[in-house]
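As you go down the protein sequences, you meet chains A and B in turn. When we follow this note's numbering, the leftmost residue of the first sequence carries the number 1, and every step to the right adds one. When we follow this note's numbering, the leftmost residue of the second sequence carries the number 1, and every step to the right adds one. What follows is a single structure, written as structure tokens, with notes after it.
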Amino acid sequence: MSNIILSVEGLNVKFSLRGKVLHAIRDVSLDLYEGETLAIVGESGSGKSVLTKTFMGLLDTNGWIESGRILYQGKDLAQYQTEKEWLTIRGREIAMVLQDPMTSLNPLKTVGAQIEEALRLHRGLRGREAKAKVAELLTDVGIGDPERRMRQYPHEFSGGMRQRVIIAIALACNPKILICDEPTTALDVTIQAQIIRLIYDLVHKYRITAIYITHDLGVVANVADRVAVMYAGDIVEIGTCREVFYEPCHPYTWALLSSLPQLGVKGEELFTIKGTPPNLFHQVVGDAFAPRNPQALEADYIERPPFFEVSPTHKARTWLLDERAPRITPPKALERLKKVGKP
Amino acid sequence: MAKYIFKRLGTSLLTLLIILTVVFVLVRQMPIEGYFDNFDKLDQAVIDARLNQLGLKDPILVQLKDFFVGLLHGDLGNSARYSVGVPITAIIANKAPLSITLGVISMAISLILGIPLGAAMAKSKSGFWDKFGTVFIVFISAVPSAVYYIYIQSFGSSLLGFPMLFNRDDWRTWILPIFSMSLGNIAYYAMWLRRYMVDEMNKDYVRLARAKGVKGSEITMRHVFRNSFVPMIQYIPTSLLYTVSGSIYIESLYSVPGMGGLLVDVITRQDNPMVQALVMIYSSIGIIGMILGDLLMVVIDPRISLARKESSR
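Now the structure itself:
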């Protein structure tokens, strides 16, 4: 595999909320390889967005990095404090596509002006040169008649078109890493596929390393090289798309995949994960998923499992992979995943 | 746009017509005693002659017709009791410019001070400026204005040596009344601007601007500030009107010969032609202010289109 572009080591992020401290990211380590597309999946509140926000210094003001390192090009981003330092990263090195295109554009500025702002900041383009580049970018993201469209305001664009504009803004920054924070969640289903396809094509065209944050496992299977599964502020399993989907090791990944509606049998109830995620205001002991796992081991309640290596690219945090563990096989339903093909 | 303005002016004219008719009829329901200073001692004949002279004996519809016909000829009539026989246009032309000048200067100062204060409050949320501004706003809103007006006058004149009374030709006498007039608006603008700016700062597009690497100060200037001005701009023309017409107390405190207290004055004296004329003037300014406010919004916010429904969505 190629070079590591960004490396997270033992990252802990906390938030202070109403006088209490919430441990949002619990000792996460992650390597991002140049040119790959990594998907981060997990339920709401599992820390997907918070994790990526730390890469850009975009944590809300009540959040902070407690410990850990974020290494990027020899620098530790976790140490960055001032806006000046972050401005060398934001947009220029790492750009972001946000979830809701309806509200992510300034309603009072033309679409062209908003793309131009990024061009001016990161490529030093102005005037006619910038205009030409705006037109090029709009064409790139599949917006026809760019000369006219760039003079229009966001309200004259549909949701899908606005997301294209936001992608154009991200590209205008000329970033090395693109973070897509649930880029299609707010769009309707027919548009989702188009936007996914578009991001996929552009990321490959410009050789950008991409991180997708999503709940949508279908999206993951279509675009990602690797998948990281997050639960309660921790990565519980990471591997290539094939490995995570077809040979999952962590009970949470099993449960997550079992709840895919595609695996449902007609006439039977769909699978759901019982219980709720742990309260991150309290300290989590052992495997965070154990209380919801009917087959949890005793060890799961006592000590946090380390990462066990399944293959050079596949790791999972579960005591099941320890040699002393009893053999517990993944649910039968997951067998069907291979037949269904991509979820 | 032109079509919209014409339409608005048309409906405004109708509104004005209704206001005038209602006011016209209402002032004529007042007891006739009010038209005389010494009603009890007068003969019935004298009273009748006087009422006849005022035109109050005609059927009300005839009076109304006469009024509107006069209006169409640009004739507001003469003052009946305030300064008897003087054309109303002359009275107003004498007083209005001063009030308007004071009002405009005070508005300008309110904007110049209120907007930076509001912006500084929003920027330094719960920092020094926010606390300072909050104290100021709470003080201005909670303490009756009459109280601090008097303090400003007495301290301003005794400690700072500014003259107590207004004199058109001495600029130093302008300072205290204008300052007093501005305080309320400064607090008002600061409060609303802070509120709208904090609203805007939490919006997604600000997050995106941050993510694309725009400096914080630039985000405030280029994105937040202008956007939070949209809901405020609509009220600025109307607020000018209130400043001009509402400075009754200040004008009397400093003996400013303006038209601040004029309306109240002529109503108590039952000077019907003056009441009608002033109501017409104030309503017109009010209506024009609202139209201007709406037009300003269109200029600043591209989403608002007055002429037609949104075409693509």
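Virtual Cβ for every residue (Gly too), placed ideally from N, Cα, C.
Here A:Gln114 is actually not in contact with A:Ile199; their C-beta atoms are around 19 Å apart, not less than 8 Å.
Relative to the Cα of A:Arg69, the nearest Cα in the group A:Leu138, A:Gly35, A:Tyr301 and A:Arg26 belongs to A:Arg26.
Minimum Cα-Cα distance from B:Gly77 among the listed residues B:Leu296, B:Met280, B:Arg172 and B:Ile287 corresponds to B:Met280. Ranked by Cα distance from B:Met259, the options B:Trp192, B:Leu56, B:Tyr82 and B:Lys123 are led by B:Tyr82. Excluding five sequence positions before and after B:Ile60, the CB atoms of its chain that fall closer than 7 Å to its own CB belong to Val25 and Arg28, given in chain order.
Rounded to the nearest whole angstrom, the CA to CA distance from A:Lys14 to A:Arg304 is 19 Å.
Note that the C-beta distance between B:Met201 and B:Ala122 is below 8 Å. A:Gln99 counts as buried, since at least 16 other C-beta atoms from the protein chains shown sit within 10 angstroms of its C-beta.
B:Ser255 counts as exposed, since fewer than 16 other C-beta atoms from the protein chains shown sit within 10 angstroms of its C-beta.
Against chain B, the CB of A:Arg92 has a partner CB under 8 Å away; the residue lies at that interface. Only Glu83, Leu87, Arg90 and Gly91 from the region 74–91 of chain A bring a Cβ to less than 7 Å from some Cβ of chain B.
Distance from the CA of A:Glu243 to the CA of A:Ser2, rounded to the nearest whole angstrom, comes to 19 Å. Taking C-alpha positions only, B:Ile267 is separated from B:Thr220 by approximately 48 Å. When 7 Å is used as the limit between beta carbons, A:Leu6 is near no residue of chain B, the shortest such separation being about 16 Å. A:Asn12 and A:His215 have their C-alpha atoms some 23 Å from each other. For B:Gly216, the residues of chain A that pass the 8 Å Cβ criterion are Glu83, in the order they occur in the chain. For A:Ile177, the secondary structure class from DSSP, reduced to helix, strand or coil, is strand. The criterion of a C-beta distance shorter than 8 Å is not satisfied by A:Phe271 and A:Ala228.
By DSSP's assignment, A:Met230 forms a beta bridge with A:Ile235. Legend: CB atoms of the region 157–191 of chain B lying less than 9 Å from CB atoms of chain A are not found in any residue.
Shown here for A:Val97: same chain residues with a beta carbon closer than 8 Å to its own, the five before and five after excluded, namely Gln163, Ile166, Ile167, Ala170, Leu178, Ile179, Cys180, Asp181, Pro183 and Ile199 in chain order. The Cβ of A:Leu58 sits closer than 8 Å to at least one Cβ of chain B.
Among the residues facing chain A, B:Leu193 is not included, as its CB has no counterpart in that chain under 8 Å away. One finds nothing in chain A with a Cβ atom closer than 8 Å to the Cβ of B:Arg8; even the nearest lies about 23 Å away. DSSP, reduced to helix, strand and coil, places A:His23 within a strand of the structure shown. The region 60–79 of chain A and the region 105–121 of chain A do not touch, with fewer than three beta-carbon pairs separated by less than 8 Å. For B:Thr101, no beta strand (DSSP E) encloses it; the enclosing alpha helix (DSSP H) starts and ends at Ile88 to Lys123. Across the structure, A:Arg151 and A:Ala172 are spaced so that their CA atoms are roughly 17 Å apart.
Take the alpha-carbon of B:Leu117 and the one of B:Leu263: they are about 34 Å apart.
Fully contained in the region 3–56 of chain A are the following alpha helix (DSSP H) runs of length 4 or more, in chain order: 48–56. With respect to chain A, the C-beta atom of B:Leu61 has no partner C-beta closer than 8 Å. Remark: C-beta atoms of B:Pro177 and B:Ile250 approach each other more closely than 8 Å. Sequence-distant partners of A:Met102 (beyond 5 residues in either direction) whose C-beta falls short of 8 Å from its own C-beta, in its chain, are Gly159, Arg162 and Ala186.
Only exposed fits B:Leu9, as fewer than 16 other CB atoms lie within 10 angstroms of its CB. Per DSSP, reduced to three states, the secondary structure at A:Phe289 is coil, with no helix or strand assignment. Shown in chain order are the members of the region 94–118 of chain A whose Cβ falls below 7 Å from a Cβ of chain B: Ala95, Met96, Leu98, Asp100, Thr103, Ser104, Leu105, Asn106, Pro107, Leu108, Glu117 and Ala118.
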